[in-house]
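Residue numbers (our numbering), protein chains in the order written: chain A, 189 to 685; chain B, 189 to 685.
Accompanying notes for the structure given below.
2 protein chains.
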Amino acid sequence: MKAKVNVLPIRTGGLPIIVLEPSFARDLDVQPMDRVVIRKAGNSVVATVDYYSKESDDYPVGVFEEVAERLELKSGDTVDIDIISKPQSLDFIKKKMDGEELTSDEINSIVADIVNDTLTDTEISMFVAAVYTKGMTMNETVCLTRAIAETGSVLKFGKDIVVDKHCVGGVPGNRTTMIIVPIMAALGYTMPKISSRAITSPAGTADTMEVLAPVTFSSSEIKRIVDKVGACIAWGGGSDIASADDKMIRVRRPLSLDPEPLLLSSILAKKYAMGATHLIIDIPVAQDAKTRDIGEARVLEKSFVRVAEGLGMKTVVMVSDGDQPIGDGVGPLLEARDVVKVLRNHPKAPEDLREKALRMAAKLLVLVGRVDTEDEGYRLASKTLSTGKAWKKMKEIIAAQGGDPNVNIKKLKPSKISYDIKSQRKGVVSDIDNHVVARVCRILGAPETKEAGVLFYKKYGAKVRKGQVIATLYGASEAKLSMAKSYLKRHKMFDIR
Amino acid sequence: MKAKVNVLPIRTGGLPIIVLEPSFARDLDVQPMDRVVIRKAGNSVVATVDYYSKESDDYPVGVFEEVAERLELKSGDTVDIDIISKPQSLDFIKKKMDGEELTSDEINSIVADIVNDTLTDTEISMFVAAVYTKGMTMNETVCLTRAIAETGSVLKFGKDIVVDKHCVGGVPGNRTTMIIVPIMAALGYTMPKISSRAITSPAGTADTMEVLAPVTFSSSEIKRIVDKVGACIAWGGGSDIASADDKMIRVRRPLSLDPEPLLLSSILAKKYAMGATHLIIDIPVAQDAKTRDIGEARVLEKSFVRVAEGLGMKTVVMVSDGDQPIGDGVGPLLEARDVVKVLRNHPKAPEDLREKALRMAAKLLVLVGRVDTEDEGYRLASKTLSTGKAWKKMKEIIAAQGGDPNVNIKKLKPSKISYDIKSQRKGVVSDIDNHVVARVCRILGAPETKEAGVLFYKKYGAKVRKGQVIATLYGASEAKLSMAKSYLKRHKMFDIR
């Protein structure tokens, strides 16, 4: 049926919505939650039906902004609206709910319908729930990962070796990416790194890199940057890379559902889409990290390696110590400053961050066949750092992404609204609680306020005097600083014995 | 935060929606799909967040009609909006996904949050998927049924015996309810029957009863009607009886998910809410009915009886033959006419409908202890019909529901737009395909157009001559009639051998 539309200035962040007058909906034989296809000038969008509560004085059909954008609609434009039958992928979702193994074609059909917004959130939920309760075979997980990657942009750099890395996360300040990428790129390897922003942590790599340069690019811009300087450190959510994954994450959030097949495909699809051939994965283990013990880490390692190699990526896993924050600062600016100090061989560069990055680079250099042993790799990576080659490459990356490569460490200053935490006793730091660190930094205003966060002077094993300043809080505002202080009265960040 | 609202003339049919300006949402720290609570004058509604695409020239907050209705809001009113934390019921949904048994309290919490619109469709989907993939114990199913009933209105009639019936469905024209209810009520039993409208069938009992009287009532109106005349035949969806179920059905629809615990609780919650003490369930069996063979029917019977008796309802199941339509007509008006003919002992009353209703009434009379054998019950029910007592009671019910009790069969006329189907050969009717019957009636315009449908002159086992009229199609319009005719060129309704 043809109809004139009103563009409503509303967006859901999810499936496109069309609002129909009741009589119009009746003629079309659709009900709320049914799907229709809207066509204009050869383009089409699938949208879910809402109802106007009465006949409208204006046009009988309204569309939310998501629909208007995709079809380039203005109010008053005429579109063609048709009821559509249920997508076949619903049968495959049901099949998975019934515990059967899906074929590659069936998985492709589900993922394509997720990307095209043909499936509603309700239906995507059913798929996520099916995977959670019934699991997936290794073969299904490989197919799913490839489907997620291939329904978005897949980049090709024309190189035999394309390097990537990933950290499972959960450790504040763990910004090794920003050191490894310039080291590997300085040594001639292509490393198109896309990272996430913080969701529940005080800073993601994308938030931290953004202190030094823009990070939001389309996939073609990413390709251009990497072709030019060999590497990038960009935000993955800014492009159409593996976008099916974002839609699944949205429905996973309320129940915090992390079924292993979706966890693996989520991570590996992005690497696959970036054309990675060699991959290192960091699994930090600690009581308060995502992976709690070494047994869990080994199980995860095995799954990662099997799926990644099923996709043709050579993969090495590093199980690391996630007991306390890495580096001195937590929060985008403080973490960026730590990274720059390491890259510039600053005398006060945090040793733990430098060390961890070098060890990972060493493993990567073995994986790509540049060296035979990790010791050799460590020496090569270390030299690349100490000779300034890594920093030179980082400046090229910053410039290519549109930032100012002349970074002045002294100008990377945290918020002036600060408070010193003093040790209440003499002793040795026996624990720093990562959860409390993350929470305090969020309360202080990170990651939205780049200058907010916590700077540590004493970490695990350090001797402290009574009354000695052991950390400084930097708040986005006085109000946030006092909220953080009051939170710290109820929760212990440091354990000193 | 306090804010003035605009009431937007849009409804979703589902969870209430609030539309926030981006800056307002940022201050509240919410994202699309997050939940907020909106309060006004002591009342509150939980709503899901959509975004305005830009700052609005009017008020910073818009609410869909569902929100406005519940809080009695007008544009310009001030409300209080707060972010709310995730409902605890999400943990219980997760627990079910992990395959654990839920406690009664946990089930109550999930169902209460469904009724209060605290859970989004996405989250309800996760629950439905969990039940589908992990199943429920008999104890969980009983708890779920009680929770669904008790979160809506539960009616009490102060009688020792309250009778109810249910048919699993799938057989066109099967309108026994409208005969059994007046028989039982005429014999002094309380029978508050709520029925559904057609979803995919040509007519539900509610659609058919609506030909004779209004069927949409609040639960207190239902109580008043039943207190007065001992029975009702109302639409269940018009009240707040077992409303949690409707919300689960909505998310079950796209995947046609019919997990047994939800099927059982859906049906039995309504009976429990109506205070039923004695219950008969009709399970029609046929290749083209919902239950395909006798084995399936026996499994379903066992589950029904266990859950119903777990809820304290004495239950008897009748497994019936669902091979062809019951009665002569299919479509609301034609079915209502069949019912009236049976109740008024019309010489052309359809014998199969009369016979099935009497057999069910007989079983019910044994169940409530009125008679010792089904033969006695059959005789009593038959007498109640033939003496006109059942019709007298039906007239009371029609009047109590606000209809005109002086029903003139001659005025119950189907559409004038009709077409006679003639037999293409001499032989015996060996099959009538229920699916084709249902589809044709829907194409003809049933149930929206009450006068549309199919009238059968010959059914299973009847001898027919070549060229003899065996059925008439009644269309809502010429266009619909010709669509039905063209559908019948491709699909066979009658099999004549």
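For every residue, glycine included, the Cβ atom is placed at its ideal position computed from N, Cα and C.
I'd like to know if residue i contacts chain B, where contact means its C-beta is closer than 8 Å to some C-beta of that chain.
i      : result
A/I321 : Note on identity: in this sequence residue 321 of chain A is Thr, with Ile being the wrong assignment. It does; some Cβ of chain B falls within 8 Å.
A/A391 : no
A/T637 : no
A/T310 : yes
A/P688 : There is simply no residue 688 of chain A to check, as chain A begins at 189 and stops at 685 in what is shown.
A/Y247 : no
A/T435 : The residue you asked about is not Thr; residue 435 of chain A is Lys in the sequence shown. Judged by the 8 Å Cβ criterion, A/K435 is not in contact with chain B.
A/Y675 : no
A/R685 : no
A/P204 : no
A/T572 : no
A/A200 : The sequence as given places Thr at residue 200 of chain A; Ala does not occur at that position. A/T200 counts as touching chain B.
A/P602 : no
A/V369 : no
A/R480 : no
A/I429 : no
A/M671 : no
Measure the beta-carbon distance from residue i to residue j and round it to whole angstroms, keeping in mind my assumption that it falls under 8 Å.
i      : j      : result
A/R463 : A/F345 : Reading off the sequence, residue 463 of chain A comes out as Gly, not Arg. Indeed they touch by this definition, with Cβ atoms about 6 Å apart.
B/V233 : B/L259 : 6 Å
A/V505 : A/I469 : 5 Å
Nearest by alpha-carbon distance to residue i: which of the options is it?
i      : options                           : result
B/D270 : B/A401, B/E260, B/V249 and B/K262 : B/V249
A/S262 : A/M671, A/A191 and A/Q276         : Here residue 262 of chain A turns out to be Lys, not Ser, going by the sequence shown. Answer by Cα proximity: A/A191.
A/R441 : B/T200, B/Q219, B/D563 and B/S211 : B/Q219
A/E523 : A/G424, A/T333 and A/V642         : A/V642
A/L600 : A/G517, A/Q589, A/S574 and A/D621 : A/G517
B/V528 : B/K580, B/Q612, B/G633 and B/N327 : B/K580
A/K478 : A/T465, A/T637 and A/T388         : A/T388
A/G230 : A/P535, A/T266 and A/G655         : A/T266
A/L661 : A/K435, A/L216, A/R627 and A/S408 : A/R627
A/G425 : A/K416, A/L208 and A/S407         : A/S407
B/V417 : B/P370, B/V554, B/A457 and B/A432 : B/P370
B/I295 : B/I272, B/D268 and B/T333         : B/T333
A/G264 : A/I272, A/S273 and A/V251         : A/V251
A/I198 : B/Y239, B/R613 and B/A457         : B/Y239
With 8 Å as the threshold, decide whether the Cβ of residue i is near any Cβ in chain A.
i      : result
B/T325 : no
B/S263 : no
B/A318 : yes
B/T266 : no
B/L179 : Not covered by the structure: residue 179 of chain B. The range shown for chain B is 189 to 685.
B/M506 : no
B/E294 : no
B/E666 : no
B/V255 : no
Residue i to residue j, Cα distance in whole Å?
i      : j      : result
A/Y566 : A/A550 : 5 Å
A/K651 : A/V617 : 7 Å
A/M372 : A/D352 : 10 Å
A/D286 : B/K673 : 38 Å
B/A256 : B/E636 : 29 Å
B/Y648 : B/I620 : 7 Å
B/R385 : B/T306 : 27 Å
A/L467 : A/K347 : 15 Å
B/L445 : B/Y320 : 7 Å
A/G590 : B/R438 : 49 Å
B/V624 : B/C355 : 20 Å
B/A569 : B/P275 : 52 Å
B/I421 : B/S427 : 13 Å
B/N304 : B/S313 : 16 Å
A/P449 : A/K284 : 13 Å
A/L216 : A/M189 : 8 Å
So does the region 353 to 369 of chain A actually touch the region 503 to 515 of chain A, counting three or more Cβ pairs closer than 8 Å? Three or more beta-carbon pairs drawn from the region 353 to 369 of chain A and the region 503 to 515 of chain A are found closer than 8 Å, and the two stretches are therefore classed as touching.
Any 3 or more C-beta pairs closer than 8 Å across the region 604 to 614 of chain B and the region 655 to 670 of chain B: Put simply, the region 604 to 614 of chain B touches the region 655 to 670 of chain B. At least three CB pairs are less than 8 Å apart.
Take every Cβ of the region 393 to 403 of chain B, pair it with every Cβ of the region 363 to 380 of chain B, and state whether three or more of those distances are shorter than 8 Å. The answer is yes - the region 363 to 380 of chain B touches the region 393 to 403 of chain B, with three or more Cβ pairs under 8 Å.
Counting pairs of beta carbons, one from the region 279 to 295 of chain B and one from the region 195 to 213 of chain B, are three or more of them closer than 8 Å? Result no; under three Cβ-Cβ pairs closer than 8 Å.
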